[in-house]
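As they're listed, the protein sequences go chains S and A.
The first sequence lines up with residues 1 to 336 when you count with the working numbering.
The second sequence lines up with residues 1 to 268 when you count with the working numbering.
Beta carbons are placed, not taken as given, at the ideal position from N, Cα and C, and that holds for glycine.
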Amino acid sequence: MNETSDLIKAYLGKKDKGKNDSPSFIKKILGNGNIGDFIFERLTLLFALLVFLLVLFMGWQMYSNSLLSIKKFGFHFLANSTWDPVSETFGALPIIFGTVVSSFLGLLIAVPLGISVAVFLSEVSPNWLEKPLSFLTELLAGIPSVIYGLWGIFVLVPWLRDIVEPFLQNEFPNSPLFQGATYGFGMLAAVIILAIMVLPIISSISRDILKSVPDSQREAAYALGATKWEVTKIVLGNAKSGLLGAIMLGLGRAIGETMAVTMVIGNSPKISSSLFDPGYTMASVLANEFTEATSDLYINALIELALVLFIITIIINILARLLVWSTERKWKLNPI
Amino acid sequence: MFENQLNNISIGQPDKIKDEKIKISINDLSSYFGKTKVIKNISLNIPEKKVVAIIGPSGCGKSTFLRSLNRMHEVVGGTITGSIYLDGEDIMKSDPVYLRRKVGMVFQKPNPFPTMSIFNNVVAGLKLNGFHNKKILSEIVEKSLRQAALWDEVKDILHRSGAEISGGQQQRLCIARTIAINPEVILMDEPASALDPISTTKIEELIFELKKEFTIVIVTHNMQQAARVSDYTAFFYVGELVEYSDTKKMFVAPGKKQTEDYITGRFG
Numbered sequence: 001m002n003e004t005s006d007l008i009k010a011y012l013g014k015k016d017k018g019k020n021d022s023p024s025f026i027k028k029i030l031g032n033g034n035i036g037d038f039i040f041e042r043l044t045l046l047f048a049l050l051v052f053l054l055v056l057f058m059g060w061q062m063y064s065n066s067l068l069s070i071k072k073f074g075f076h077f078l079a080n081s082t083w084d085p086v087s088e089t090f091g092a093l094p095i096i097f098g099t100v101v102s103s104f105l106g107l108l109i110a111v112p113l114g115i116s117v118a119v120f121l122s123e124v125s126p127n128w129l130e131k132p133l134s135f136l137t138e139l140l141a142g143i144p145s146v147i148y149g150l151w152g153i154f155v156l157v158p159w160l161r162d163i164v165e166p167f168l169q170n171e172f173p174n175s176p177l178f179q180g181a182t183y184g185f186g187m188l189a190a191v192i193i194l195a196i197m198v199l200p201i202i203s204s205i206s207r208d209i210l211k212s213v214p215d216s217q218r219e220a221a222y223a224l225g226a227t228k229w230e231v232t233k234i235v236l237g238n239a240k241s242g243l244l245g246a247i248m249l250g251l252g253r254a255i256g257e258t259m260a261v262t263m264v265i266g267n268s269p270k271i272s273s274s275l276f277d278p279g280y281t282m283a284s285v286l287a288n289e290f291t292e293a294t295s296d297l298y299i300n301a302l303i304e305l306a307l308v309l310f311i312i313t314i315i316i317n318i319l320a321r322l323l324v325w326s327t328e329r330k331w332k333l334n335p336i
Numbered sequence: 001m002f003e004n005q006l007n008n009i010s011i012g013q014p015d016k017i018k019d020e021k022i023k024i025s026i027n028d029l030s031s032y033f034g035k036t037k038v039i040k041n042i043s044l045n046i047p048e049k050k051v052v053a054i055i056g057p058s059g060c061g062k063s064t065f066l067r068s069l070n071r072m073h074e075v076v077g078g079t080i081t082g083s084i085y086l087d088g089e090d091i092m093k094s095d096p097v098y099l100r101r102k103v104g105m106v107f108q109k110p111n112p113f114p115t116m117s118i119f120n121n122v123v124a125g126l127k128l129n130g131f132h133n134k135k136i137l138s139e140i141v142e143k144s145l146r147q148a149a150l151w152d153e154v155k156d157i158l159h160r161s162g163a164e165i166s167g168g169q170q171q172r173l174c175i176a177r178t179i180a181i182n183p184e185v186i187l188m189d190e191p192a193s194a195l196d197p198i199s200t201t202k203i204e205e206l207i208f209e210l211k212k213e214f215t216i217v218i219v220t221h222n223m224q225q226a227a228r229v230s231d232y233t234a235f236f237y238v239g240e241l242v243e244y245s246d247t248k249k250m251f252v253a254p255g256k257k258q259t260e261d262y263i264t265g266r267f268g
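Have a look at this one:
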């Protein structure tokens, strides 16, 4: 026993001695700290900063590589609706339109479905069903998008072309939404594909958020004589901003989605009110046209398009994070 | 035969209770979680407009028993056998939603709705019942908050979130929310155990006022509290009712050795 403690003392003495011997400038930096901690803290800080710098660098790169197009078109780049590589006129309006409309309509389908799935999983389903169902929804989120695209081409598009679109045209002959030839490929196909792809993201995040509402809230409602539906309404009210965050994350995914949309949207930069007409999205343009971009201006215009997409995605993600964070904080602030 | 049955029921019942009007009558109640029997064949009567305290060591089934009285045990997946009558009506045959409007509950931890204002917290139950007349709602808010001894503290901040006030105020808000729907019975599951001594005293004074109008069943860990607020006390031990008698008698001259040991702090 005594021997051991002597050993420890000797070891610590050695260590302290070493510290005292170190040159004064190191002591100045270290203060009373330990050299291992010092290196560890600085190293992790460096990596964290690296991620931040990478994002800044990407933004700056895109900006500096699109200067040609920014100078030539200015704000017309966002407002002009002609995207013509041959005459080197680049207006991104129809492409931004296609991106916004396909994402928005996709969400319009996916949000009610996704939140319903989340409500079922968190509030209604019995335990034995919840686990496998949650697993399956999360599995859907992990399927590579090219597979969704392939399914879109071989299953969804023929179905839309032969059954759904003729049916809609017959039923609503005067609706501006259902005009034109029924190719199958087009905005409607993109909207449905996006809805399917975004659904698992929205439902799995929403489920986590609903689960994070404390049970005491449910009990409080039950004890006031609330029905299951009324209890669910109170839970949803508690989770409001978190759910909004989940939707925003879904929106971020929909806006950035490339492969599956490119495969079914028809790839034509037109603004049309009809869902049957082909459209184009920013991500699809980039994927399709990068190999064809021969002139400097063309490349610059594509990179500017990427910059616009980059900024929109960043803004959406920041908003989503802020919303999710604000719900979490609320629960932490009021532990009782 | 019939006399025998009566005798059975009166075993372990306080003497004075014969003169009271019975609000809730519990016969041979057992409660299960899965296959575990948490409460074992408990029979007891709860008199109207009195406070009945339920004491006993942790895990003796006090809360489970309390939750059975408004079928909140179903929310956490428990089952019961035996019968519970509220004013002569079998509660297992009534709609739990209506039952809980008659038999309200206050929980151990204050659980106001943080997304609602104090005003809306108080009338949350009424709004669920489809009550929307603003004028009547404000009257009920004032009355309930006064009854819960909270009105003076919050009358100027009714629009603020129910989570922004202190823990003790939150608990009184929860009590106001419960009495706003005008129940007949209030169940309290250790309502003061998460609170500081001053808030605890306020809740106890409140219980004293509330029993003029409501029948109260309160579960508590704190024996002094049981002695202070209740008229009758039931002592539970590992799921069984050991003794049920007048609170005074229980604490001065307990009928059973087990009770005495628990009350004097020799175990539990």
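- For the stretch 42-54 of chain A against the stretch 20-29 of chain A, are there 3 or more C-beta pairs whose distance is under 8 Å? Yes, the stretch 42-54 of chain A touches the stretch 20-29 of chain A.
- Using 10 angstroms around the beta-carbon of A:SER58, count the other beta-carbons present and answer buried if the total reaches 16, otherwise exposed. By the 10 Å Cβ count, A:SER58 comes out exposed.
- Item | Alpha-carbon spacing of S:SER64 relative to S:VAL308, whole angstroms | Using only the alpha carbons, I get a separation of about 13 Å.
- For chain S, is any of its Cβ atoms less than 8 Å away from the one on A:ALA124? Taking Cβ atoms only, chain S reaches closer than 8 Å to A:ALA124, which makes this a yes.
- Item | Helix, strand or coil at S:LYS332 according to DSSP, with G and I counted as helix | Residue placement at S:LYS332 is flagged as unreliable, the pLDDT there being 47, under the threshold of 50; a coordinate-derived value is accordingly withheld.
- Query: Going straight from the alpha carbon of S:GLY245 to that of A:ALA53, what length do you get?
  - Reply: In a straight line, the C-alpha of S:GLY245 is about 46 Å away from that of A:ALA53.
- Can you list, in chain order, the residues of the stretch 220-239 of chain S whose Cβ is nearer than 7 Å to any Cβ on chain A? Per Cβ criterion, the list reads ALA220, TYR222, ALA223, LEU224, GLY225, ALA226, THR227, GLU230, ILE234, GLY237, ASN238.
- Query: What are the start and end residues of the beta strand (DSSP E) that includes A:ALA234?
  - Reply: For A:ALA234, the enclosing beta strand (DSSP E) begins and ends at 232-237.
- Task: Return helix, strand or coil for A:PHE107, following the three-state DSSP convention.
- Result: For A:PHE107, the three-state secondary structure derived from DSSP is coil.
- Got a sec, what are the start and stop residues for the alpha helix (DSSP H) S:PRO200 sits in? Per DSSP, S:PRO200 belongs to the alpha helix (DSSP H) from 187-211.
- Task: Return yes when the Cβ of S:THR281 is within less than 8 Å of the Cβ of S:THR137, no when it is not.
- Result: Not in contact: S:THR137 and S:THR281 (Cβ atoms no closer than 8 Å).
- Task: List the residues of chain S that A:ILE55 touches, going by C-beta distances under 7 Å, in chain order.
- Result: Result: empty, since nearest Cβ-Cβ is about 22 Å, beyond 7 Å.
- Query: Relative to the C-alpha of S:VAL235, which residue among A:PRO114, A:ILE17, A:SER63 is closest?
  - Reply: Comparing Cα positions, the closest option is A:PRO114.
- Item | Cut-off 8 Å between Cβ atoms - residues of its own chain near S:GLU388, not counting five sequence neighbours on either side | What is shown of chain S runs 1 to 336, which leaves residue 388 of chain S out entirely.
- Task: Tell me A:ASP189's beta-bridge partners as DSSP assigns them.
- Result: Answer by DSSP bridge pairing, in chain order: A:VAL219.
- Message: Check for me: the beta strand (DSSP E) holding A:ALA53 runs from which residue to which?
- Response: That run of the beta strand (DSSP E) goes 51-55.
- Task: For my contact list, S:ILE265 and S:ALA189 are in at a C-beta cut-off of 8 Å; report their separation, rounded to the angstrom.
- Result: About 7 Å separates the two Cβ atoms, so the contact holds.
- First and last residue of the beta strand (DSSP E) that includes A:THR36? 36-47 is the span of the beta strand (DSSP E), which, as asked, contains A:THR36.
- Message: For S:TRP83, count the other beta carbons within 10 Å of its own beta carbon; 16 or more makes it buried, fewer makes it exposed. Which is it?
- Response: Around the CB of S:TRP83, 16 or more other CB atoms lie within 10 Å, so the residue is classed as buried.
- Query: In whole angstroms, what is the alpha-carbon distance linking S:THR232 and A:ALA234?
  - Reply: Looking at the two C-alpha atoms, the distance is approximately 36 Å.
- Could one say the Cβ of A:PRO114 lies closer than 8 Å to chain S's Cβ atoms, at least one of them? By this cut-off, A:PRO114 is an interface position.
- Query: Thinking just about the alpha-carbon of each residue, which of A:THR36, A:MET72, A:ILE17 is nearest to the one in S:SER216?
  - Reply: Residue A:MET72 is the option with its Cα nearest to S:SER216.
- Item | Residues that A:PHE33 bridges to, as DSSP identifies them | Residue pairing from DSSP places A:PHE33 in a beta bridge opposite A:THR36.
- Task: Please state whether DSSP places S:ASN288 in a helix, a strand or coil.
- Result: Secondary structure of S:ASN288 (DSSP, three-state): helix.
- Item | the stretch 140-149 of chain A touching the stretch 204-215 of chain A, judged by at least three CB pairs closer than 8 Å | As far as the Cβ criterion goes, the stretch 140-149 of chain A touches the stretch 204-215 of chain A, which means the pair count is three or higher.
- If we ignore side chains and look at the alpha-carbon of each, how far apart do A:SER269 and A:ILE179 end up? Past the boundaries of the shown model lies residue 269 of chain A; chain A is included only from 1 to 268, so the question cannot be answered.
- Of the choices A:TYR262, A:ILE55, A:ILE157, whose alpha-carbon is the least far from that of A:PHE236? Residue A:ILE55 holds the alpha-carbon nearest to the alpha-carbon of A:PHE236 among A:TYR262, A:ILE55, A:ILE157.
- Task: Report yes or no: is there a C-beta of chain A within less than 8 Å of the C-beta of S:SER206?
- Result: At a cut-off of 8 Å between beta-carbon atoms, S:SER206 makes no contact with chain A.
- Item | A:ARG228 versus A:VAL51 - alpha carbon distance | Going from the Cα of A:ARG228 to the Cα of A:VAL51 covers about 10 Å.
- For my contact list, S:PRO94 and S:LYS270 are in at a C-beta cut-off of 8 Å; report their separation, rounded to the angstrom. Contact between S:PRO94 and S:LYS270 holds: CB atoms are separated by about 6 Å, below the 8 Å threshold.
- Task: Could you spell out where the alpha helix (DSSP H) holding S:SER116 opens and where it closes?
- Result: In this chain, the alpha helix (DSSP H) harbouring S:SER116 covers 93-119.
- Are the stretch 157-166 of chain A and the stretch 114-125 of chain A touching by the rule of at least three beta carbon pairs closer than 8 Å? Touching, per the Cβ criterion.
- Message: So, under 8 Å CB-CB, A:MET188 and A:ILE140 are touching, yes? Tell me the CB distance rounded to an integer number of Å.
- Response: So it is not a contact: roughly 21 Å between Cβ atoms.
- Can you tell me whether DSSP reads A:LEU241 as helix, strand or coil? Note: A:LEU241 maps to strand in three-state DSSP.
- Message: Please list, in chain order, the chain S residues whose beta carbon lies closer than 9 Å to that of A:MET72.
- Response: Residues of chain S passing the Cβ test: GLU219, TYR222, ALA223.
- Query: So who's on the other strand from A:TYR85, going by DSSP bridges?
  - Reply: A:TYR85 is bridged to A:SER25, A:ASP90.
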